[in-house]
Ligand SMILES: Cc1cc2nc3c(=O)[nH]c(=O)nc-3n(C[C@H](O)[C@H](O)[C@H](O)COP(=O)(O)O)c2cc1C
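In this note's numbering, the protein residues as written are 135 to 609.
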């Protein structure tokens, strides 16, 4: 028998009148326009908007208004709401609603499934539980819907940490098999359950999914459109609530070193041709014979000027839709925000004492953050291990993000945008190093906690998202 799910509209569904005879419904990227909705349709909308009701209950309300012969019209409208992803489905596990399935994208389609009572299932490793606006929700990057649960639903979820069946659950709890079947159906619809043994259709995906980490797939799905209904992109959600961070990190207090500026006009005429730079660019992990030719202060100056300086700075101009200060630099940066900072950790350089520095891209100066410490020594060791270096590099760039610079503007995609900015910066650093005959190498993983301690920074405000080695290739 078909389970009587309690249907209602999603809370995020907007319904508005547009003139005397037009009604517009909108949610998660899909919309429905209704001309002259009849009294039965209005009754249907009102009921679904505020309460949970079974299909039969809704049909009775509708036909009471429109006449018993109008059931086809009722099913037509219900199907429209379903297709647009407007409907939530609830299952009552006790005397109150146990859980509600809510579509989060127009890609969601509910399907009834026949589940044998002894067939076993386990909670997918991609499913997770969190507090969302005061409600406990189960979500998964595999699905297009989320499930709101109460304490009964939570107890059931806990059982699903190991493989169990409808029969197994019904032995343990007092709920009816029909309710447990309906609960399993909702979880299957949001792809939070895996059959044990695995179904053939799931088996085909197994190899691909096995190579996704839980957090990587979640990050991917939440920073791209398609599987969530949260606002995305440049939404400026903190405008007029929190001031944006300035384009330039406030000056740090340490001793400053003025750097050499190369003659860009001369380089435009005399530098290696672009194609030669591009074709010869490579990661180089071997340096001039054990430091007989270290990097020089002028090379560091030239390298930073060509790859990371501020070329121009622009004040906000709200009348023209520009709400924050921006800069242009040699690398592209999303929204011209340039929330990345460079911290050269000097190990061996002719003209600069060893230590951790911050690069001031506006004044083209280094500012001393700290001399060599246990922390900076460890940062160098880790970079050497990550790139299997025989000798320590002359310079390790620690590349940080001032996180709130970007997340003030961008929603849902802020961190992915920072990583994309970092990729663009990596390439610029590679190309400039190649043009200068130096030895560059990007590093894929580093310890952001260690760096925050080394530089005395607050982890959630600013820390490393990348590292880059630079050395001398000698003569
Ligand atoms: C994002 C990124 C991370 C990298 N991480 C490392 C690393 O941790 N260790 C390393 O030795 N090389 C690292 N590399 C360098 C790559 O190994 C190198 O680019 C690749 O082998 C191709 O060689 P090529 O750069 O000489 O063309 C990284 C490169 C990029 C772009």
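Glycine is no exception: its CB is placed at the ideal position from the N, C-alpha and C atoms.
Keep in mind the model is a prediction, meaning the values are calculated, not measured.
What's the call for residue 235, buried or exposed, on a 16-neighbour Cβ count within 10 Å?
Around the CB of residue 235, 16 or more other CB atoms lie within 10 Å, so the residue is classed as buried.
Report, in whole angstroms, the separation of the C-beta atoms of residue 179 and residue 169, which I expect to be a contact under 8 Å.
Between residue 169 and residue 179 the Cβ distance is about 14 Å, and since that is not below 8 Å, they are no contact.
Relative to the C-alpha of residue 436, which residue among 228, 565, 551, 333 is closest?
With distances taken between Cα atoms, residue 436 lies closest to 565.
Which runs of the beta strand (DSSP E) fall wholly inside the stretch 475-559 and span at least 3 residues, in chain order?
489-494, 499-504, 529-536
When DSSP builds the beta bridges, which residues end up paired with residue 141?
187, 223
For residue 443, I'd like the list of residues in its chain whose CB is within less than 6 Å of its CB, leaving aside the five on either flank, ordered along the chain.
The beta carbon of residue 443 sits closer than 6 Å to the beta carbons of 495, 498 from its chain, once the five residues preceding and following it are set aside; these are given in chain order.
Beta carbon shell of ligand 1 at less than 5 Å from a heavy atom
416, 417, 520, 521, 576, 577, 578
Which runs of the beta strand (DSSP E) fall wholly inside the stretch 255-325 and span at least 3 residues, in chain order?
262-266, 269-273, 279-283
Within 10 angstroms of its Cβ, does residue 342 collect 16 or more other Cβ (buried), or is it exposed?
exposed
Nearest residue (CA-CA) to residue 175, options 584, 524, 300, 210:
210
Taking the runs of the alpha helix (DSSP H) that are 4 residues or longer, which of them lie wholly in the stretch 154-216?
173-184, 189-200
Per DSSP, what are the beta-bridge partners of residue 572 in this structure?
606
Quick check: the stretch 243-263 against the stretch 305-319, are at least 3 beta-carbon pairs closer than 8 Å?
Taking a cut-off of 8 Å for Cβ pairs, the stretch 305-319 and the stretch 243-263 touch, as three or more such pairs fall below it.
Would you check if there are 3 or more beta carbon pairs closer than 8 Å linking the stretch 575-593 to the stretch 538-550?
no
For the alpha helix (DSSP H) that residue 448 lies in, which residues bound it at each end?
For residue 448, there is no enclosing alpha helix (DSSP H); the enclosing beta strand (DSSP E) has its first and last residue at 446-448.
Quick check: the stretch 318-337 against the stretch 258-278, are at least 3 beta-carbon pairs closer than 8 Å?
Using a C-beta cut-off of 8 Å, the stretch 258-278 makes contact with the stretch 318-337, since at least three inter-stretch Cβ pairs fall below that distance.
Taking only three categories from DSSP, how would you classify residue 392?
strand
So, with DSSP's three-state summary, where would you put residue 463?
coil
Which of helix, strand or coil DSSP assigns to residue 86:
Outside the modelled stretch of the chain, which goes from 135 to 609, sits residue 86, for which no answer is possible.
Using the beta-carbon count (16 or more within 10 Å), is residue 408 buried or exposed?
exposed
In the DSSP assignment, find the unbroken beta strand (DSSP E) run with residue 376 in it and report its ends.
Unbroken run through residue 376: none, as it is neither H nor E.
Pairs of beta-carbons, one from the stretch 356-367 and one from the stretch 546-556, closer than 8 Å: are there three or more?
Output reads yes: the stretch 546-556 touches the stretch 356-367.
I'd like to confirm something about residue 495: is its beta-carbon nearer than 7 Å to some heavy atom of ligand 2, or not?
Among the ligands modelled here, namely ligand 1, ligand 2 does not occur.
Evaluate residue 291 with the Cβ neighbour count: other Cβ atoms within 10 Å of its Cβ, from every protein chain shown; 16 or more gives buried, anything less gives exposed.
buried
Report all residues from its chain with a CB closer than 6 Å to the CB of residue 216; omit the five preceding and five following residues, and keep chain order.
none
For a test of the three-state rule: what should DSSP assign to residue 365, helix, strand or coil?
Looking at residue 365 - three-state DSSP - the assignment turns out to be coil, as it is neither helix nor strand.
Roughly how many angstroms separate the alpha carbons of residue 268 and residue 287, rounded to a whole number?
The straight-line gap separating the alpha-carbon atoms of residue 268 and residue 287 is approximately 16 Å.
Provide the residue(s) that pair with residue 455 in DSSP beta bridges, ordered along the chain.
Residue 455 pairs with nothing; no bridge assigned.
Close-in-space but distant-in-sequence residues of the same chain around residue 612 (CB under 7 Å, 5 per side omitted):
Not covered by the structure: residue 612. The range shown for the chain is 135 to 609.
Reduced DSSP category for residue 431 - H, G, I as helix; E, B as strand; rest coil
helix
Just the Cα atoms here: how many angstroms apart are residue 363 and residue 472?
28 Å
Based on the DSSP output, what are the partners of residue 235 in its beta bridges?
223, 281
Residues that DSSP places opposite residue 597 in a beta bridge:
535
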